[in-house]
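In the working numbering, the protein residues as written are 3 to 122.
Report on the following structure.
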Ligand SMILES: [Zn+2]
């Protein structure tokens with residue numbers, strides 16, 4: 003079953019080309035994430051399968067936004083202390099396109115190999 007974003011009025015799945023993130027294990031950070039979802043969705047409780055999508059994070063929350071935007075990474079990663087702060091309402095439509103996976107047709111592994119071969 004594909005993971006669907008838990009945020010209210012957001013039904014993004016990885017199939018949309020948008021990265022999703024598992025709730026952090028750290029209890030303090032986890033409760034911040036939960037709080038964000040609760041702002042728009044009453045009685046939410048995070049489970050093992052709960053994921054918010056990349057749309058709820060600001061640019062500075064991502065550890066690899068630049069390589070991702072250039073098509074060198076197939077998914078976004080978050081900084082350790084990143085937390086969701088953005089709600090879908092009031093979100094410009096361009097944001098979705100901006101954070102969408104670039105379809106380069108190359109996977110991370112082939113890029114790694116190419117980098118290795120360019121050394122010698
Ligand atoms: Zn979402």
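Glycine included, every Cβ here is placed at the ideal spot set by N, Cα and C.
Quick one: is the Cβ of residue i within less than 7 Å of any heavy atom of ligand 1?
i          : result
residue 58 : yes
residue 9  : yes
residue 54 : yes
Which of the three DSSP states, helix, strand or coil, is assigned to residue i?
i           : result
residue 78  : coil
residue 64  : strand
residue 88  : coil
residue 53  : strand
residue 122 : Caution is warranted here: a pLDDT of 47 is assigned to residue 122, below 50, making its placement in the model unreliable, and the coordinate value is therefore given only provisionally. Correct three-state label for residue 122: coil.
Within the continuous alpha helix (DSSP H) that includes residue i, where are the two ends?
i          : result
residue 99 : 96-100
residue 27 : Neither: residue 27 is in no alpha helix (DSSP H) and is coded neither H nor E.
Hey, residue i and residue j: beta-carbon distance below 8 Å or not?
i          : j          : result
residue 59 : residue 88 : yes
residue 56 : residue 32 : no
residue 36 : residue 46 : yes
residue 67 : residue 80 : no
residue 9  : residue 51 : no
residue 54 : residue 94 : no
residue 11 : residue 90 : yes
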